[in-house]
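In my numbering, each residue carries its 1-based index in the sequence shown increased by 177.
Just so it is clear, CB atoms sit at the ideal spot from N, CA and C, and this is done for glycine as well.
The structure displayed is predicted, hence computed values, not measured ones.
What follows is a single structure, written as structure tokens, with notes after it.
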Amino acid sequence: MNLRDNNIERMANGTFDVLIVGGGINGAVAANALAARGAKVALVDKGDFAGLTSQNSSNLVWGGIKYMETYEFPLVRQLCMSRNHLLRSYPSSIREIRFFTNLDKGFRFSPVLLYCGALLYWAIGNFFTRSPRFFNTRQINTKESMINTEHSIGGFEYSDAFLYDNDARFVFNFIRSAVNYNCTAVNYVESLGSVRNAQGEWQTQLRNTRNGETYKVRSAVIINACGPYVDQQNKISEVTTEHRHVFSKGIHLIVPQITNNKRVLTFFADDG
Numbered sequence: 178m179n180l181r182d183n184n185i186e187r188m189a190n191g192t193f194d195v196l197i198v199g200g201g202i203n204g205a206v207a208a209n210a211l212a213a214r215g216a217k218v219a220l221v222d223k224g225d226f227a228g229l230t231s232q233n234s235s236n237l238v239w240g241g242i243k244y245m246e247t248y249e250f251p252l253v254r255q256l257c258m259s260r261n262h263l264l265r266s267y268p269s270s271i272r273e274i275r276f277f278t279n280l281d282k283g284f285r286f287s288p289v290l291l292y293c294g295a296l297l298y299w300a301i302g303n304f305f306t307r308s309p310r311f312f313n314t315r316q317i318n319t320k321e322s323m324i325n326t327e328h329s330i331g332g333f334e335y336s337d338a339f340l341y342d343n344d345a346r347f348v349f350n351f352i353r354s355a356v357n358y359n360c361t362a363v364n365y366v367e368s369l370g371s372v373r374n375a376q377g378e379w380q381t382q383l384r385n386t387r388n389g390e391t392y393k394v395r396s397a398v399i400i401n402a403c404g405p406y407v408d409q410q411n412k413i414s415e416v417t418t419e420h421r422h423v424f425s426k427g428i429h430l431i432v433p434q435i436t437n438n439k440r441v442l443t444f445f446a447d448d449g
């Protein structure tokens with residue numbers, strides 16, 4: 178019997194302290210943290226662990242420099258502290274990386290103003306990374322000769338972090354650790370909804386998507402970690418919440434490495 182089948186047998190009609198629905202980064206971290214503290218944890222995902230949002234990132238671990246433009250400094254502080262914590266805690270998986278940007282004439286902010294913003298960003302992050310640097314056009318040509326500086330008015334460099342391996346493996350390492358703490362983790366098992374019984378326990382009906390078998394699991398607590406499907410999961414369980422998700426869309430256009438320098442070349446549109 179393989180590990181998945183063994184865990185399904187353990188989970189079927191079992192009772193747990195916590196059932197976590199969703200095996201992305203939030204579900205994986207929750208499972209690991211709770212199992213490590215002695216909780217009896219079950220974790221399910223209707224597909225592969227880290228199979229959707231958590232394997233479609235651009236592998237960046239940033240402190241939210243973009244939010245400085247809208248003066249959301251408390252959020253930037255929180256994100257920087259989280260980034261620093263991850264850099265300290267997972268040095269083999271997360272590393273510092275430099276972001277190098279060139280600005281052309283007509284951009285809505287001057288390079289000097291943006292450089293001052295980068296210095297403030299560095300300070301908000303407790304000076305944890307290497308300091309930002311300002312570059313004039315000549316220095317940009319020297320450091321990155323492939324950049325067209327015909328209309329350049331200067332640029333700067335600052336630090337954030339990235340996942341050295343990849344996002345899905347980073348997530349799975351948390352699940353693997355949770356399993357080592359006796360978490361029962363099974364993929365290709367979906368939640369068909371949960372109800373509370375007279376004793377206050379949650380009863381969740383689960384379905385093995387590979388063979389269609391269903392079974393019930395009891396738990397004191399349910400964590401809905403379904404990412405973009407959180408509201409859908411709440412709906413089938415008839416759970417109402419104060420907040421709902423509204424989706425936004427952004428694009429990180431990533432191309433194969435085009436220089437030998439180990440840095441990210443960053444270009445900004447006039448409107449974003």
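Going by beta carbon distance, what residues of the same chain come within less than 7 Å of residue i, once the five residues before and after it are set aside?
| i | result |
| --- | --- |
| Gly-294 | Met-245 |
| Gln-410 | Val-198, Ser-368, Asn-401, Cys-403 |
| Val-407 | Asn-401, His-422 |
| Met-323 | Ile-435, Thr-436 |
| Phe-347 | Ser-270, Leu-340 |
Excluding the five sequence neighbours on either side, which residues of its own chain have a C-beta within less than 6 Å of the C-beta of residue i, listed in chain order?
| i | result |
| --- | --- |
| Asn-318 | Thr-326 |
| Ile-352 | Ala-205, Phe-226, Ala-362 |
| Thr-306 | Glu-273, Ser-336 |
What does a CB cutoff of less than 8 Å around residue i pick up in its chain, not counting 5 residues either side in sequence?
| i | result |
| --- | --- |
| Trp-379 | Leu-196, Ser-371, Val-372, Arg-373, Arg-395, Ser-396, Ala-397, Val-398, Ile-399 |
Check the C-beta distance from residue i over to residue j and give it rounded, since I have them as a contact under 8 Å.
| i | j | result |
| --- | --- | --- |
| Asn-209 | Ser-368 | Not quite, the Cβ-Cβ distance comes to about 20 Å (not below 8 Å), so this is no contact. |
| Ala-338 | Arg-440 | The pair is not a contact, with the Cβ atoms about 13 Å apart (cut-off 8 Å). |
| Leu-291 | Ser-329 | Not really, about 13 Å apart at Cβ, beyond 8 Å. |
| Leu-256 | Gly-241 | 4 Å |
| Gly-332 | Pro-288 | 6 Å |
Of the choices the options, whose alpha-carbon is the least far from that of residue i?
| i | options | result |
| --- | --- | --- |
| Ala-213 | Leu-383, Tyr-358, Thr-381 | Tyr-358 |
| Lys-426 | Thr-230, Tyr-248, Arg-387, Asp-182 | Thr-230 |
| Lys-223 | Arg-387, Tyr-298, Thr-306 | Arg-387 |
| Gln-376 | Phe-304, Pro-288, Thr-192 | Thr-192 |
| Arg-254 | Pro-268, Trp-239, Ala-207 | Trp-239 |
| Phe-344 | Ala-216, Leu-237, Asp-194 | The question names Phe, yet the displayed sequence has Asp at residue 344. Checking every option, the nearest Cα to that of Asp-344 belongs to Leu-237. |
| Leu-220 | Lys-412, Phe-250, Cys-360 | Cys-360 |
If you run the structure through DSSP and keep just helix, strand and coil, what is residue i?
| i | result |
| --- | --- |
| Ala-205 | helix |
| Ser-336 | strand |
| Trp-379 | strand |
| Thr-230 | helix |
| Leu-442 | strand |
| Arg-272 | strand |
| Gly-241 | coil |
| Val-366 | strand |
| Arg-373 | strand |
Would you say residue i faces chain D, with C-beta separation under 7 Å as the test?
| i | result |
| --- | --- |
| Ser-329 | The structure shown contains no chain D, having only a single protein chain. |
Item to check | Given 8 Å, three or more beta-carbon pairs between the stretch 310-324 and the stretch 274-284 | outcome: These segments touch.
Checklist entry - Between the stretch 189-204 and the stretch 391-410, do three or more beta carbon pairs fall short of 8 Å? => result These segments touch.
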